[in-house]
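Report on the structure given below.
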Amino acid sequence: MNLKVAEEPIDTGRALASLKADTGGAVVTFSGIVRAHEGGRILKGLQYDCYMDMAKKLFQEAGEYVVHRFSLLDLVAIHRIGFVAPGETSLFVAVSALHRSEAFNGCSEFVEQIKKKVPIWKKDIFAEGGESWH
Amino acid sequence: MNLKVAEEPIDTGRALASLKADTGGAVVTFSGIVRAHEGGRILKGLQYDCYMDMAKKLFQEAGEYVVHRFSLLDLVAIHRIGFVAPGETSLFVAVSALHRSEAFNGCSEFVEQIKKKVPIWKKDIFAEGGESWH
Amino acid sequence: MKLRVRYFAMFRDIAGVDTLEMDFTGRKVLDLRKIISSANPEFERRGMLIAVNERYAEDSMDLHEGDTVAVFPPVSGG
Amino acid sequence: MKLRVRYFAMFRDIAGVDTLEMDFTGRKVLDLRKIISSANPEFERRGMLIAVNERYAEDSMDLHEGDTVAVFPPVSGG
Chain D
859 MNLKVAEEPI DTGRALASLK ADTGGAVVTF SGIVRAHEGG RILKGLQYDC
909 YMDMAKKLFQ EAGEYVVHRF SLLDLVAIHR IGFVAPGETS LFVAVSALHR
959 SEAFNGCSEF VEQIKKKVPI WKKDIFAEGG ESWH
Chain W
859 MNLKVAEEPI DTGRALASLK ADTGGAVVTF SGIVRAHEGG RILKGLQYDC
909 YMDMAKKLFQ EAGEYVVHRF SLLDLVAIHR IGFVAPGETS LFVAVSALHR
959 SEAFNGCSEF VEQIKKKVPI WKKDIFAEGG ESWH
Chain B
8 MKLRVRYFAM FRDIAGVDTL EMDFTGRKVL DLRKIISSAN PEFERRGMLI
58 AVNERYAEDS MDLHEGDTVA VFPPVSGG
Chain V
8 MKLRVRYFAM FRDIAGVDTL EMDFTGRKVL DLRKIISSAN PEFERRGMLI
58 AVNERYAEDS MDLHEGDTVA VFPPVSGG
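Residue numbers (this note's numbering), protein chains in the order written: chain D, 859 to 992; chain W, 859 to 992; chain B, 8 to 85; chain V, 8 to 85.
Here is the structure:
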């Protein structure tokens, strides 16, 4: 299991390559990609704020929870923070499991856990100027 | 939308790069990976048989169905046929959508449709010799 | 009428045939199903599916001169 | 007791402070919540969350000398 919260752009190919999936079965990935528009307004990007120490701890706990609950073989996840431009990935998750339902449910539940619990916040930065916290 | 049934190894990076996701939102991928064991016996690999003309038609229809039903932005899928060794990908699916629930449900439902309807069959080829159709 | 009948996967192995040209004297898919089943008693038990011209076919469907019929077990792709 | 109080995201912008050292005379998280709310009446309406030493905290929890308390709105990562 490899979980990271970081400022650098996410290298999804490299993250996926690090996922253990050698016994075969199913791999499901999720990429959250910054949208070009929000509420009809053009976005310059999103600014992610983070309570780093707590985020790392809860990220790890969410990972352990879904790996156990869905019998996952492995889980790799990266949340990017700081400024993220439209089209770029803010959250990447990859899971492996022996069967597809575990992989789909495990990946989806991990994303839910992140969105519910991990202390990360985003602010819309509009192209025309102006900002708005979510 | 780009759907393919082919003998060559699947280049998942290239397939994913061809997915339209420029308006942002969510991308979910599924990789079905040949297992190393089946029923406690070591696998040399799987042999996929296919009724190609019908498979292409039903693959396309399944794609159109899920794109419409889950409002997907795009869908890319490749099913490999012929001999596939353990650890190699037999089915790759990538979908993009504005929201994650559509992406997860669309990807998962497409895989279900493929497994239920498309005339492709697999045969276990055991390392110690012997074969068994699923 | 002349039909082209194709066998796939396990059914091809069991029947020992890939494709055959058949001179069919029946009318419906059900008639053909009976002929194939009597030659290959195992097929029904294994869940024989029939497709006509690359579409899954109901037993009540009429067959026509030149149709391509495919006979196969439940699919198992993925 | 001395507490370290950290503000995040929108709450940091509203309070205009990132971190402060507080001399806290109460006992429980609820006491601290009341102090912070009275200084920042908007926080409760926006769903103020409180974490103590990197764990979400119940109002009934006791605070201790040297605790780090974080105050923030509902999370919105992903």
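Heads up, the beta-carbon is just placed ideally off N, CA and C, and yes, glycines get one too.
Check, Outcome
"Distance CB(G921(D))-CB(L861(D)) smaller than 8 Å", "yes"
"Touch test, the stretch 969 to 982 of chain D against the stretch 899 to 917 of chain D, Cβ-Cβ under 8 Å, three pairs minimum", "yes"
"CB-CB length for S966(D) against F962(W), believed under 8 Å", "5 Å"
"Reduced DSSP secondary structure (H/G/I, E/B, other) of D66(V)", "coil"
"Helix, strand or coil at L37(B) according to DSSP, with G and I counted as helix", "helix"
"F50(V), DSSP secondary structure in three states", "helix"
"Assigned secondary structure, H992(W) (DSSP; H/G/I helix, E/B strand, else coil)", "coil"
"Sheet register partners of E896(D) (DSSP bridge)", "R899(D)"
"Simplified DSSP state of E946(D), which is helix, strand or coil", "coil"
"Alpha carbon of G988(W) to alpha carbon of M17(B), nearest angstrom", "14 Å"
"Contacts around G883(D), its chain only, beta-carbon distance under 8 Å, and the 5 residues preceding and following it disregarded", "L931, S954, A955, L956, H957, R958 and A961"
"Chain-order list of residues whose beta-carbon lies under 7 Å from that of I65(B) (same chain, five-residue window excluded)", "Residue identity differs from the one stated: residue 65(B) is Glu in this sequence, not Ile. Once the five neighbours on either side are set aside, the close Cβ partners of E65(B) are V36."
"Burial state of S83(V) (16 or more Cβ within 10 Å)", "buried"
"Proximal residues of chain W, C-beta to C-beta of G871(D) below 7 Å", "G871"
"Helix, strand or coil at E866(W) according to DSSP, with G and I counted as helix", "coil"
"Exposure label - L27(B); buried when at least 16 CB within 10 Å", "exposed"
"Meets three-Cβ-pair contact criterion under 8 Å: the stretch 862 to 871 of chain D and the stretch 933 to 940 of chain D", "yes"
"Min CB distance A77(B) to chain W below 8 Å", "yes"
"Closer than 8 Å to chain V by CB, V885(D)", "no"
"Beta-carbon spacing of L70(B), F15(B) below 8 Å", "no"
"Partners in chain B for S948(W), counting only beta-carbon separations shorter than 9 Å", "G84 and G85"
"Any chain W beta carbon closer than 8 Å to E72(B)", "no"
"Residue range of the beta strand (DSSP E) that includes D982(D)", "I978 to F984"
"Cβ neighbour criterion (16 or more within 10 Å) applied to R62(B)", "exposed"
"C-alpha distance - D911(W) paired with E946(W), whole-angstrom precision", "24 Å"
"Beta-carbon contacts of L949(W) that lie in its chain and below 6 Å, excluding the five residues immediately before and after", "G890 and H937"
"Any C-beta of chain B under 8 Å from that of D982(W)", "no"
"Inter-residue Cα distance where the pair is D20(V) and I43(V)", "14 Å"
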